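Residue numbers (the numbering used here): 201 to 345.
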Ligand SMILES: [Zn+2]
């Protein structure tokens, strides 16, 4: 009876966007003795070809959203600004250099925030707020915006 061979399965996305499974077994390639170096060789090859590892998504299968850069540059540190929508549905732009630590619930890095779809929109929004004389606490702390 033949011994069951060790195998490794790669789950990846091809250049065309197809998700494929690719299983290799120990001994598939004669020159490669053990599975680990076989995996390393295959991994290197896939990387060279440009295949991307398939990212497993949990709980609903929504792909992680790519950052939506607005094309604006952060006035504080020249980082790229990206647009996001807050839980309350407000448009907001953050600097790519801002970090949020979910364990300590503190943010670090660049603290620049603009309330709008982009810097231009944020100025329009601010003008509206100024007109209605409702200045948020954030606005009061950040006179530049
Ligand atoms: Zn910044």
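Using N, Cα and C, we set each Cβ at its ideal position, and we do this for glycine too. Since this is a predicted model, take the numbers as computed values, not measurements.
| field | 8 angstroms Cβ cutoff met for residue 293 and residue 283 | value | On the chain shown, residue 293 is found 93 positions in, with the first residue counted as 1. On the chain shown, residue 283 is found 83 positions in, with the first residue counted as 1. Yes, Cβ-Cβ distance for residue 293 and residue 283 is below 8 angstroms.
| field | Among 328, 249, 276 and 208, nearest to residue 235 - alpha-carbon criterion | value | Your numbering for residue 235 matches position 35 in the chain shown. The candidate whose alpha carbon is nearest that of residue 235 is 208.
| said: Just list the residues that DSSP pairs residue 285 with in beta bridges. | reply: Against the chain shown, residue 285 aligns to sequence position 85. Looking at the DSSP output, residue 285 shares a beta bridge with 291.
| message | Counting only beta-carbon separations shorter than 8 angstroms, does residue 254 have a partner in chain B? | response | In summary, chain B is missing from the structure at hand, where a single protein chain is found.
| message | Would you call the segment 275 to 291 in contact with the segment 305 to 317, where contact means no fewer than 3 C-beta pairs closer than 8 angstroms? | response | Contact between the segment 275 to 291 and the segment 305 to 317 is present: three or more C-beta pairs spanning the two stretches fall below 8 angstroms.
| task | Select from 302, 213 and 242 the residue whose C-alpha is nearest the C-alpha of residue 226. | result | Position 26 of the chain shown, counted from the first residue, corresponds to residue 226. Nearest to residue 226 by C-alpha distance, out of 302, 213 and 242, is 242.
| Can you tell me the Cα-Cα spacing of residue 269 and residue 318, whole angstroms? | The residue labelled residue 269 in the question sits at position 69 within the chain shown. The residue labelled residue 318 in the question sits at position 118 within the chain shown. Roughly 9 angstroms between the two C-alpha positions.
| said: In chain order, what are the residue ranges of uninterrupted beta strand (DSSP E) at least 3 long that sit wholly in the segment 306 to 338? | reply: Taken in chain order, the complete beta strand (DSSP E) segments of 3 or more residues contained in the segment 306 to 338 are 306 to 309.
| Helix, strand or coil: which one does DSSP assign to residue 221? | One-based indexing of the chain shown puts residue 221 at position 21. It is a strand residue.
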